[in-house]
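Each remark here refers to the structure printed beneath this line.
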Amino acid sequence: MAPENSTVEYRYPGLDPGLEAVEEPSDDELRILDDEHQPGGTENHMLIAWRNHIDRKAAAGAKPMAFQRWKSNYITVIKNRRVGPAFEDYLWNELWKLAGSESAGWIKGSKIDSGILPDGPVFDITNVAHKVPPRLWTIVEAKSGDSLASHARSQFKEHVKMAGQTGSSLVMMFGRRPSPATQRWIKRTLDQLRNEGVTMPTAVCVKYWPTKAVPEGPGGPGGPGGAASLPLPLGDAPDSPEDQAVRDEIEVALDQSATPAQPPAPPAPAQQPKPAPIQVQAGQTPPPQQRPAPEQRPAPAPAVPAVPAPQAPAAPSPPIVIPVPVPVPAPIPAAPIPVPIPAPAPAAPAPAAPAPQQAPLAPAAPAIDYGGIDFSTLELRYVTDTVAGKPAMQYAFRASTTSDDVPSYGGKRNAQMAMDAFYVWMALSPDKFWVNLNPTEPDRIIDQEFGKTQAGQVLLEADLEMKEVSGRLQRDDTPLGKRFEDALRGTDKCFLGRRQWIEPTPATVREDGDQLYIIDAPLTVKVGLENSDISPNQSCDGQDPAITAQNGKLYQDMIMPAVVEAINKDPEFADLRRVYASRIAAEWYRKRNADKPTQYADVIDSGNVAAWTVPWNSREVFDRYVYSYTHAKPTFSWKTQEGDRTWTRGRSWGGVDFSKIELKDVGEQEFKTKYASIATAAGPSIVGPVEQQSGDEIWLADINTSVPLNQIWPQQPTSWTPYDIPNPATSRPFFYVLVTLPVAAWLVTGGVLWWRRRKAETGG
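Just so we're aligned, residue 122 is where the sequence shown starts under the working numbering, counting upward by one.
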């Protein structure tokens with residue numbers, strides 16, 4: 122079985138590598154496309170879907186999405202349609218080894234016999250069949266991710282009802298630990314259905330087996346560097362409602378292009394009597410969280426009440442024989458408990474099967490629903506140098522929590538930004554990590570190579586925003602601005618704009634062996650006090666220099682603290698904080714590499730940022746700054762004996778300087794005393810999202826490795842030998858032996874979601 126706090130990989134059919142390279146076609150190229158019988162996932166199908174998107178937008182009088190962004194959504198949909206079936210195959214063939222068990226009643230991707238469930242849907246895995254004793258009937262739904270979107274949630278409700286209708290148990294098997302929001306939703310939904318009088322399943326069990334989907338083909342889950350190979354736990358999350366709408370369009374196009382044929386249902390022998398349904402005992406449901414008021418700090422998620430232990434049946438049921446040992450999938454813990462990463466155990470990598478030219482596509486993949494997570498706050502806050510002694514990096518993002526019912530977007534964008542910045546900070550030398558906005562220096566805005574990256578863009582935009590924030594804070598229609606105006610001295614209330622720049626203050630970290638926890642990463646703003654720091658073309662002629670100096674001191678004491686607070690808290694500077702956290706992680710790697718080469722030795726100081734460039738123009742940002750500098754708006758006005766006066770804010774220049782940073786380690790004792798909840802969340806989130814004990818932050822982790830995962834965390838598959846029907850078969854259920862499944866074997870441990878109804882067995 123998989124070790125705790127680890128993950129195992131399974132393969133899905135790789136995508137056509139040519140899709141990534143497809144450029145936006147011309148109108149003439151689109152016009153000649155033949156849309157007959159084009160299989161999904163091919164270049165022609167993608168371009169036809171793009172043409173339909175253009176036509177649909179034109180009919181609505183709207184502009185189409187940019188082609189590259191649309192193409193990224195198309196590729197994501199294709200991948201998701203291949204990952205889901207691959208996860209089911211992994212459970213069936215590798216983890217549970219059910220292939221060849223059809224004679225004992227197990228089926229995959231089929232409907233239940235219509236004599237038992239008329240007009241039922243296709244189920245992932247089930248043994249609901251006439252040849253199987255009804256008390257053993259089980260429906261397994263496989264979910265490769267860690268959440269349930271709207272479609273999957275509707276499907277879950279229907280499957281609960283159908284499992285109850287057939288007297289079966291329902292098992293939800295996730296490929297990652299279900300997110301806390303998903304766990305809470307499942308519990309609320311089961312209680313809601315129970316209160317509505319729905320006949321409930323014999324038992325409902327939610328489990329997970331931590332896995333990572335890897336495309337078939339050469340290489341592992343992603344080696345050092347290279348944006349294309351970068352694994353992201355959030356790589357499939359839509360960045361906006363518009364992205365989700367486009368994915369829905371593509372799903373429809375794929376459904377229209379091909380409808381996969383379903384295997385026929387097994388023939389119906391003489392039907393055995395079905396056990397009478399018995400009402401399930403309901404537990405107390407935690408109240409749903411309230412949506413927070415706009416611009417308020419989200420309230421921490423409430424603790425989930427403990428799930429009651431299953432009730433003993435009124436009469437003993439026939440025994441189920443289970444050999445020892447019985448490895449079972451990892452349970453969902455009620456509160457994460459830190460477990461050390463397992464020691465390395467070498468294992469030969471499994472040979473990768475060649476990617477098929479055209480893989481069959483599953484039905485529409487439900488959209489990922491990451492409710493409960495505020496992705497705007499996502500930052501890289503945990504990295505490792507190795508994993509189980511192997512050349513791999515485990516990393517984790519931290520984000521604030523929010524209400525479960527608030528949809529969150531931007532996870533993919535922000536996670537990708539954080540990881541790209543991490544590589545950029547390693548690839549370039551620190552002396553390049555600056556930006557500068559000075560109206561007299563148009564040729565010294567940003568280093569040439571750094572200016573090709575998103576990290577460079579973030580710093581320059583943040584520098585401009587800092588100057589705008591300073592001006593807004595001085596306005597006399599704000600409380601702070603009014604107090605500032607009243608405090609200024611002199612007839613002209615003049616003070617000199619000066620050089621201002623953002624720089625780091627010491628970052629609070631904990632280095633624990635080959636792990637780095639980034640606890641706090643504050644930024645500050647410095648003001649130059651030399652004459653050379655005075656902004657170009659500014660003076661306070663006619664005002665007493667002493668008053669000018671006093672007014673400047675008032676600006677530093679009243680306005681600058683608010684600017685610093687904005688940089689560390691306001692959403693406008695979230696990207697700056699995000700890339701700075703990655704700067705800390707990269708600096709740690711750089712220092713470790715100086716002592717002993719790391720897996721990123723070839724990246725560090727290579728000067729090569731080709732994999733992490735984005736299209737942008739630093740001169741365009743500079744031009745906006747110059748316009749703002751030369752067309753500054755009045756910030757406050759006042760009356761004097763000579764008449765009304767107006768003050769235009771002190772115009773500043775400067776930049777952002779991340780060339781030098783300092784890491785301050787809190788030490789082992791303080792870390793255990795004050796920050797233990799970080800250790801119990803960051804590393805363990807490799808198997809799925811983990812909320813910190815406070816409930817106001819959540820962690821999401823992944824691994825980047827150049828070796829197969831089974832060399833890091835060797836897997837011992839759980840053999841699920843289906844029960845054998847004796848020959849001649851007897852009608853006594855005692856003779857049906859179940860070797861490892863199951864719901865009956867998955868006892869309540871560590872917070873597993875488990876609901877079982879009391880059921881009296883007769884006979885046997």
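Heads up, the beta-carbon is just placed ideally off N, CA and C, and yes, glycines get one too.
**Request:** State the start and end residues of the unbroken alpha helix (DSSP H) segment that holds G775.
**Result:** Mapped onto the sequence shown, residue 775 falls at position 654. Looking at the DSSP string, G775 is not in any alpha helix (DSSP H); the run it does join, the beta strand (DSSP E), is 774-778.
**Rounded separation between S361 and P560 - CA only** = Your numbering for residue 361 matches position 240 in the sequence shown. Your numbering for residue 560 matches position 439 in the sequence shown. C-alpha separation (whole angstroms): 36 Å.
**Prompt:** DSSP state of W330, grouped into three classes?
**Reply:** As a first step, residue 330 is located in the sequence shown; it is residue number 209 there, counting from the start. Three-state result, W330: coil.
**Request:** Closer than 7 Å by C-beta to T505: which residues in its own chain qualify, once you throw out the five before and the five after it? Chain order, please.
**Result:** Against the sequence shown, residue 505 aligns to sequence position 384. Taken in chain order, the residues that qualify are M514, Q515, D635, Q636.
**Message:** Since L216 and I260 should fall inside the 8 Å C-beta cutoff, what is the C-beta to C-beta distance between them, to a whole number of angstroms?
**Reply:** Counted from its first residue, the sequence shown places residue 216 at position 95. Counted from its first residue, the sequence shown places residue 260 at position 139. The pair is not a contact, with the Cβ atoms about 17 Å apart (cut-off 8 Å).
**Prompt:** Under the three-state reduction of DSSP, which class applies to I668: helix, strand or coil?
**Reply:** Counting from 1 along the sequence shown, the entry for residue 668 is found at position 547. Here I668 sits in helix by DSSP.
**Asked** Which residues in the same chain as L247 place their Cβ atom closer than 7 Å to its Cβ, once the five residues preceding and following it in sequence are excluded?
**Response** The count along the sequence shown starts at 1 and reaches residue 247 at position 126. The displayed chain sequence assigns Thr, not Leu, to residue 247. Cβ within range, chain order: I228, I233, T259, I260, V261.
**Message:** Given this structure, state the Cα-to-Cα distance separating Y748 from I623, to the nearest angstrom.
**Reply:** Indexing the sequence shown from 1 puts residue 748 at position 627. Indexing the sequence shown from 1 puts residue 623 at position 502. Roughly 21 Å separates the two Cα atoms.
**Request:** Have a look at L238 and D525 and give me their C-alpha separation to the nearest angstrom.
**Result:** Position 117 of the sequence shown, counted from the first residue, corresponds to residue 238. Position 404 of the sequence shown, counted from the first residue, corresponds to residue 525. Near 34 Å, if we compare the C-alpha coordinates of D525 and L238.
**Prompt:** Is the beta carbon of Y701 less than 8 Å from the beta carbon of L585?
**Reply:** Counting from one through the sequence shown, the residue named residue 701 turns up at place 580. Counting from one through the sequence shown, the residue named residue 585 turns up at place 464. No, these two residues do not count as a Cβ contact at 8 Å.
**Request:** Starting from D495, follow its DSSP beta bridges and name the residues at the other end.
**Result:** Counting from 1 along the sequence shown, the entry for residue 495 is found at position 374. Note: D495 sits in a beta bridge opposite S521.
**Request:** Could you round the C-beta distance between T332 and Y211 to whole angstroms and report it? I think they count as a contact, below 8 Å.
**Result:** Taking the first residue of the sequence shown as 1, we reach residue 332 at position 211. Taking the first residue of the sequence shown as 1, we reach residue 211 at position 90. Indeed they touch by this definition, with Cβ atoms about 7 Å apart.
**Asked** Mind pulling the alpha helix (DSSP H) runs of 4 or more residues that sit fully within the segment 578-653?
**Response** 600-608
**Any 3 or more C-beta pairs closer than 8 Å across the segment 523-537 and the segment 545-554** = no
**Request:** Could you round the C-beta distance between A706 and I639 to whole angstroms and report it? I think they count as a contact, below 8 Å.
**Result:** For the purposes of this step, residue 706 is identified with residue 585 of the sequence shown, where counting begins at 1. For the purposes of this step, residue 639 is identified with residue 518 of the sequence shown, where counting begins at 1. Right, their Cβ atoms sit about 7 Å apart.
**Item:** Top-ranked residue by Cα proximity to P810, from W191, Q159, G266
**Value:** Against the sequence shown, residue 810 aligns to sequence position 689. Residue G266 is the option with its Cα nearest to P810.
**Prompt:** Just reading off the alpha helix (DSSP H) that M538 is part of, what are its end residues?
**Reply:** If you number the sequence shown from 1, residue 538 lands on position 417. Element bounds for M538: 532-548.
**Asked** With burial defined as no fewer than 16 other Cβ atoms inside 10 Å of the residue's Cβ, what is the status of N194: buried or exposed?
**Response** Locating residue 194 in the sequence shown gives position 73, counting from the first residue. It counts as buried.
**Item:** Contact check, P643 vs N689, beta carbons under 8 Å
**Value:** Along the sequence shown, read from residue 1 onward, the residue named residue 643 stands at position 522. Along the sequence shown, read from residue 1 onward, the residue named residue 689 stands at position 568. Yes, Cβ-Cβ distance for P643 and N689 is below 8 Å.
**Prompt:** Which whole-angstrom value is the C-beta distance of A683 and L601, which I expect to be below 8 Å?
**Reply:** Reading the sequence shown from its first residue, position 562 is the one you call residue 683. Reading the sequence shown from its first residue, position 480 is the one you call residue 601. Going by Cβ atoms, the distance from A683 to L601 rounds to 6 Å, so yes, they are a contact pair.
**Asked** Can the beta-carbon of L558 be found closer than 8 Å to that of G775?
**Response** Within the sequence shown, residue 558 is the residue found at index 437, counting from 1. Within the sequence shown, residue 775 is the residue found at index 654, counting from 1. Contact flag set, yes.
**Same chain only: Cβ atoms within 8 Å of D552, ignoring 5 sequence neighbours per side** = Within the sequence shown, residue 552 is the residue found at index 431, counting from 1. S780.
**Through-space distance from I196 to E141, alpha-carbon basis** = As a first step, residue 141 must be located in the sequence shown, where it is residue number 20. As a first step, residue 196 must be located in the sequence shown, where it is residue number 75. Distance between the alpha carbons of E141 and I196: 8 Å.
**Message:** Taking the straight line between their C-alpha atoms, what separation do you get for A302 and G493?
**Reply:** Within the sequence shown, residue 302 is the residue found at index 181, counting from 1. Within the sequence shown, residue 493 is the residue found at index 372, counting from 1. The straight-line gap from Cα to Cα measures roughly 6 Å.
**Message:** Between which two residues does the alpha helix (DSSP H) holding K785 run?
**Reply:** The residue you call residue 785 lines up with position 664 of the sequence shown. No alpha helix (DSSP H) contains K785, which is instead part of the beta strand (DSSP E) from 784-786.
**Request:** Would you kindly work out how many angstroms separate the C-alpha atoms of P736 and V730, rounded to a whole number?
**Result:** Position 615 of the sequence shown holds residue 736. Position 609 of the sequence shown holds residue 730. Distance between the alpha carbons of P736 and V730 is about 13 Å.
**Item:** Stretch-stretch touch, CB-based, cutoff 8 Å, three pairs: the segment 572-584 with the segment 737-744
**Value:** yes
**Item:** Per-residue DSSP class, three states only, for G154
**Value:** Along the sequence shown, read from residue 1 onward, the residue named residue 154 stands at position 33. The sequence as given places Leu at residue 154; Gly does not occur at that position. L154: coil per DSSP, three-state reduction.
**Request:** Indicate whether the contact test is met: 3 or more Cβ pairs, each with one atom in the segment 644-656 and one in the segment 792-810, closer than 8 Å.
**Result:** no
**Request:** Could you work out which residue in E337, I819, W834 is closest to F496 when comparing CA atoms only?
**Result:** Locating residue 496 in the sequence shown gives position 375, counting from the first residue. Minimum Cα distance to F496 is reached at I819.
**Item:** Identified DSSP bridge partners for F295
**Value:** Here residue 295 refers to the residue found at position 174 of the sequence shown. Its beta-bridge partners are K264, Y329.
**Asked** Which whole runs of the alpha helix (DSSP H) in the segment 132-204 are 4 residues long or more, in chain order?
**Response** 139-142, 148-152, 164-180
**Prompt:** Apart from the five residues just before and just after A722, which ones in its own chain have a Cβ nearer than 8 Å to its Cβ?
**Reply:** Translated into positions along the sequence shown, residue 722 becomes position 601. Only N714 meet the Cβ criterion.
**Prompt:** Around the C-beta of K795, are 16 or more other C-beta atoms found within 10 angstroms, so that it is buried, or is it exposed?
**Reply:** In the sequence shown, the residue the question calls residue 795 occupies position 674. Burial call: exposed.
**Request:** For L784, collect the residues of the same chain with a Cβ closer than 6 Å to its Cβ; drop the 5 residues on either side in sequence, then sort them by chain order.
**Result:** Translated into positions along the sequence shown, residue 784 becomes position 663. Closer than 6 Å at Cβ, skipping near neighbours: A628, V630.
**Asked** Just how far apart, CA to CA, sit R152 and L168?
**Response** The sequence position of residue 152 within the sequence shown is 31, counting from 1. The sequence position of residue 168 within the sequence shown is 47, counting from 1. For R152 and L168, the distance between alpha carbons rounds to 10 Å.
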